[in-house]
Each structure stands twice: as C-alpha cells, then as structure tokens.
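Scroll down for the structure; my scribbles are underneath it.
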Amino acid sequence: MKYIFNNFINTLRHYVASSVLNIFGMAVAFAAFYIILTQAIWGLRYNRNLEDVDNKYMLCYSSVNEGDKYFLSRPFAESILANSSEVESYGTALFNEDIDETPMFIKEGDKHRKVTPTFQRFTQGALDVFGFEAESGSFESLSNPGAVAISSEFAKKNNLKLGDRLSLFNANNPPVNEIVAIWKDKFQKNSMPGSINALYDIKNMNMDNWSEWSYPYFVKLTDADSKEEFEKRATDKIREEIKQEDPNYDETQLKVSLIPVKDLYYKGDSHLTYGAFRCGNLATDVSLVVIAILTIVIAMINFVNFFFALVPARVKSVNTYMVFGTSREMLILNFILEAVGLVILALLLATFITMIFARTTATEILIAPLNIALNIPVFIATIAIAIIGAILGSLYPAIYITSFQPALVLKGTFGSSTSGRTLRNILIGTQFTISMALIISAMFIRLQNDYMMNLDMGFNKQYLVSGILPSEVAWWGVRNGVFEDKMRNNPDIKDLTWSDGEIVNISRMGWGRNYKNKQINFQCFPVAYNFLDVMGIEITEGKGFSKSDEQGENGTMIFNEQAKKEFDITLEEYGLGHNGETAHIAGICKDFHFRPLQFSGLPFAFYLFGSDHTWRPQGLRNVYVRITEGADPYKVIRFIKDTVKEIAPTVDTDDIKLGIFDKE
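The structure is reproduced here in structure tokens:
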C-alpha cells in the first residue's frame, strides 16, 4: 500500500501540469453536476416525500369542452366533501407561490426584535391532510383570534416559544398574533408544507360566499382506489347544485377531478396555480438531468484522454517495474487507485467550488438550496458516480499501458496499437460532439432569452422599476399621498402606479361570475386608476379608469379583447365585482402578455376598487415606477427606500423588495 501511495505522489510531482488540469477539469465538472442535479431533483421529487402521498389530492372542477381546471368556492367544496365516505380528511390551504414574508416584531424588555415568518392560511382539516403534528401547544387553539402556529425550526432559530406575542408591520403596533402551537419539522423543503414556517386558521372566511372561486381544497382518501367513485359522485353533486343555482346553465359541461398532490408541481399549465403552489416545468428538469449526465461523460472522457496522453511518458517506467518483478495485476490496481485518488482530490476541490458558488449572487437563479445537508442523496450520487467513473475510466488504459512486452519497451521499439488509436479517436469524437451540442443548445437558449426580453408584450416595459412596498405607503395606505408627492418631485421619476401582484404572472385571482345567464371564468387583477396609462396598455373600446372611479360606491372593470370575444362583454353595469357588488364595465383593452410566454392567453379583467377597501385593507403594495430615459435605476431604488424610511421610520429597508422590471 505504501508503494501505491508513493507512486501516486510521484505521479503528481512528475506530471504536474497534466495532473492539475485533470483535477481542476473534473472538479468543475463534478461541481456543475452537483449544482445542476440539485435543481432537477428538487422538482422531480417535489411533494413525493409526504406521508401517504398516494392518497392525497387537490379538488378542482373543469369544463369538459375546454379542459381547463378551476378551484371551487367554499360552499361548493364543503357540500361535496362533507358527507363523502371515501374522504378521510379534507380542508383548504393557500400555499401562495409568492410567500408573504411580512416583518413582525416581538417585544423583549424595552427593545423589539424583528422576525420574518412565511405565513400561509389553513383550515384544521388541511393540517390533518398534510400530516402536521404539534410538538407543543394545540392546533385547536388556532380558532382563537390572532392565534398562529410556527415550525419548530423557526421557533429555535428565532428563540420563540408558546405564548410569545408578535406585532405586525412595525414595533410600534400593539401585538396582534400569539403563538399557540409549534409543529414538528418533518417536511422536506421541496414540498408544499416544507416551504412555510408559520400559519393561521382561515376559519369561516368566505364560507357562504358563492362568488369567490379561489379556494384549493385538499383531500386525503381512505383508499386511492376510491378516486374514480368519488369523482363520479362529486360530479353528480356539483351538477345538481349548479342546476339549482342557475337553471339555464348546461351542467353537463362540468366535471370534478382529483389531482394527485405528488403531480401538482408540474401542473402550472392550468388555472390551478393561483394561490395554490409553486410550479415547475418537467421538460426543463429532465433536460437538466441530461445536461448533468453529459457533463460527467465529458469529464470522464477527458480523464481517459489525459491518461492516454501520458502513455509514452510512463510506459517505460511501468515496464521497468515489471522487469523487476512487479506483477501486472498490481500495476493495474495501482493505476486504478491512482485514478481514484485524483478523483477524490477533484471532489474535494468541487466541494470548495460549490461552497464558494453558494455564497455568490448567482444563486438567485436557483430554486433549490445547495447545502449538502439538504441534498445528501445527490451528494452521495456525485461521489459514487465519480469513483465508479474513475474505476471504469482507468481500467482499459491501465490494461493497455501494461500490455507491452517489457523487452520491446526497454529497447524503445514499442508503438501504439490500432485498437488504442481507434478508441482514442472515438473518445475524442464523442467528446467534441457532446460539447458542440451543448454549445449550440446554449446559443439557442440565448436566442430564446433575447426574444423574450425584446418581445412587444403589449405594454411598455422600458425604464421600469418594480417591487413590493410596505402598507404604510401603498395605494390607499395612510401615507400614500405624501409618498407619491415625493416620488413625482424627483426628476428621475416620470410616474408610478400600483397593483395587487405582478403584471406578468402564471396566474392570479380566478373569478367565476354569472354573466348574461352564463357562468364565466376570468383572471382578475386589481390595480390603481392610472395603471393602464403608466404601463401603456391601449384601450380599444370605451374608456380607461379615472380618479373619480375610486370614489364610487362599487368597483369598475376593464376586460381584455379575448374576454370580450369569449363572453360577449358589453359596456354596462353588471354584478361582476367583489362581494357581489355591481361593477361598471368601463372599457375593453387590447390583449397583452400577462403570463409567461410558454402559456396561452386567457380572459382577463383589470379591477378598480371603489371606496370599499375591506377586501384589501393593506392596500395595493406592488409598485411600478416609470423612470426617465438615462436615469440610474439603482439610484432611483435607493431614493425609494430612503423615502419609505423617512415616512415610516420603523420599516427596515432590507425588507423592501425592489428591482429592475426585466428581472420580474
């Protein structure tokens, strides 16, 4: 063994350049393999580690003709699920894709400490579906006003305990939340419950509201085999209820479906994404796996090529050992262990590279953490593949380099064989083919990216800064007027406007309404009165919003052309607003891209609240700031944060999320 170790050290000393290049090249490949694979596996394994996941589903209904799937209102869902013998437990939970990390404060003596929980809303039944277990306290206490539950990891990290009371938004506000339960951290991060660390009970919110069709219900069946029977009875039930609600509606077009929770991550091509879950793209994750494998293949081919390149330099010393009695088997083992040693050094360097990469801003493009502790299977797979690859990759070269007759080698008359040259040509050809394919693919990806960034989206996306601001300065917030005056007095800012979420998103609120004796479904996007003007969205019929519309008793709507075509929208007063209000349809706007480009367009409506703000008491917090051409956007972002701090001193500017619109 000492001989093998000494020989390995001598190899590193005598062939420094080739060894360094070999180790560094493999290290980069292993690091890339690990980083890429963590992202792919995160999606491919999403939700699949949940207990009894094969019995867990999300309830929705669909139009038989259109195929799109929709959430249910709470009255409909409860009527379907309440007396179903196949259902073990059920409830609604809102796993928002954009998790709300609202700053909260806990009083400690004369000081206040900030914590940022990621709140989501559940019912007691949904906690049972997903298998939440209380470590201390009781989930039943969540029915108390202001009661919240937190994860044990979050409690430990922030030194929180049962009974602690939290203030909302800033330290000067009185406590509004009390921790009544702490649950066990048993959920993987790549799962719906694993993405949150705090929750509160939805209770009876909208329990009697038949017009709010935005609640995803989750169901645990007693037996997965009862799925079809449940869907059939649930479909009959919803058709019966719809017929009673609207005798003119063709109820045969409705169908109730159960979508497996383990498949939800790749269901982002439907209406189901609003408020329900994060989503991914299966083709992307499969492509990432392929790219990771090809990266390792290239590295291993390169490793073999390095080995063959050293044959002329090493064959004489190898056969000298054979002349002095070293067996061929021992020499082959030496080369294999030498290869494994090089790979181990490369793995150590790859770990260092990954750790450095994890500390850079480049990780912002990643969806999964790189921590080894959270990716142990991928880490072990990387080590195993690297070592197995080293053994297999070194076996033939070791056999080849020890195959020459010692007498011929010592005389200097050996030469490479035809089979050796053929193998090297095949390896080099394969390596170049894979590399060129990846380069060409990368060029096409760049073309796609440039196309997306330069495409006319149907609104003006140039010179925009966007993000989320605190409720104090948000639209209809108590200090909004002061904030907007300061913004408009800055010569670098042309105008600003507000919305309830991002303008480009996979989905948003799905509203189901009865219009002209027909059930219609569309995406609804609450905005400020000047949103369409600031964003440059064209009105093709009727008129845009006006400031006076915000003083009206009810809401005002502007539909897109697709909605007009599908639903025969006309400009009139109609009961399409929130809480059953009679909203005025002011106009029709030109169709524009409000979803990522891989998704088709949908019926869409801008919604302007009237004077009733109870539905969004915190205001519209997403801001879009139009800056002047040539202005420094980062200077504007600093100005916005400084202004917020000036108006609301208790706000921590680190919590303000602002950036260039291209990133959004």
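According to our numbering, the residues represented by the sequence shown are 2 to 665, in order.
The C-beta atom is built at its ideal place from N, Cα and C for all residues, glycine as well.
All values derive from a computational prediction rather than experimental measurement.
Assigned exposure category for Ala-293 - 16 Cβ within 10 Å defines buried: Classification of Ala-293: buried, given that the 10 Å Cβ count is 16 or more.
According to DSSP, residues forming a beta bridge with Pro-527: Tyr-608
Separation of Phe-595 from Glu-554, as counted between CA atoms: 28 Å
Three-way DSSP call (helix, strand, coil) for Thr-541 in this model: It is a strand residue.
Contact under 9 Å by Cβ, Leu-22 with Phe-307: yes
Close Cβ partners of Leu-45 (< 6 Å) along its chain, the five nearest in sequence each way excluded: Excluding positions up to five away in sequence, the list reads Asp-286.
Closest Cα partner of Asn-205 within the set Phe-123, Asp-237, Asp-129: Phe-123
Beta strand (DSSP E) segments (min. 3 residues) lying fully within the region 114-201: 120-123, 135-138, 148-152, 166-169, 176-184
Span separating the alpha-carbon of Gly-276 from that of Phe-460: Here the model assigns Gly-276 a pLDDT of 43, short of 50, so the residue's position is not dependable, and the following value carries that caveat. Approximately 25 Å between the Cα atoms of the pair.
Coarse secondary structure for Asp-237, derived from DSSP in three states: helix
Alpha carbon of Gly-543 to alpha carbon of Glu-573, nearest angstrom: 10 Å
Counterpart residues of Met-510 in DSSP-defined beta bridges: Cys-525
Arg-14 to Leu-470 span [Cα, whole Å]: Going by the C-alpha atoms only, they are around 59 Å apart.
Beta-ladder partner(s) of Leu-659, from DSSP: Gly-468
Of the listed residues Thr-423, Phe-304, Thr-327, Thr-352, nearest to Gly-390 (C-alpha basis): Phe-304
Where Ala-587 sits in the DSSP three-state scheme: In this structure, Ala-587 counts as strand in the three-state DSSP scheme.
Identity of the residues DSSP links to Tyr-71 by a beta bridge: Beta-bridge partners of Tyr-71 (DSSP): Tyr-62.
Beta-carbon proximity list for Asn-56, same chain, < 8 Å, skipping 5 on both sides: Glu-89, Lys-221, Leu-222, Thr-223, Asp-224, Ala-225
Whole-number beta carbon distance between Leu-428 and Ile-538, since they are thought to touch under 8 Å: At roughly 57 Å, the Cβ-Cβ gap does not stay under 8 Å, so Ile-538 and Leu-428 are not in contact.
Backbone secondary structure at Arg-627 - three-state DSSP: DSSP, read as helix, strand or coil, puts Arg-627 in strand.
Secondary structure of Tyr-47, DSSP reduced to three states: coil
At least 3 beta-carbon pairs within less than 8 Å: the region 432-446 vs the region 580-589: no
Reduced DSSP category for Ala-94 - H, G, I as helix; E, B as strand; rest coil: strand
Assigned secondary structure, Val-479 (DSSP; H/G/I helix, E/B strand, else coil): coil
Any 3 or more C-beta pairs closer than 8 Å across the region 111-131 and the region 80-94: yes
Beta-carbon separation (whole angstroms), Leu-350 vs Ile-36, contact threshold 8 Å: Not a contact, Cβ separation roughly 14 Å.
Ile-400 CB to nearest heavy atom of the ligand SAH below 8 Å: This structure lacks the ligand SAH; in fact it carries no ligand of any kind.
Three-state class that DSSP yields for Val-505 in the structure shown: Look at Val-505 here: in three-state DSSP terms it is coil, with no helix or strand label.
Touching by the beta-carbon criterion (3+ pairs, under 8 Å), the region 337-355 and the region 27-43: Using a Cβ-Cβ distance cut-off of 8 Å, the region 337-355 and the region 27-43 are in contact, since at least three pairs of beta carbons, one from each stretch, lie closer than that value.
Helix, strand or coil at Leu-371 according to DSSP, with G and I counted as helix: coil
Asp-667 burial status per 10 Å Cβ neighbour count (16 or more: buried): Outside the modelled stretch of the chain, which goes from 2 to 665, sits residue 667, for which no answer is possible.
CB contact flag (Tyr-625, Leu-465, <9 Å): yes
Whether Thr-364 touches Leu-38 by CB criterion (9 Å): no
Val-220 - partner residues in DSSP beta bridges: In the DSSP assignment, Val-220 is bridged to Tyr-58, Tyr-91.
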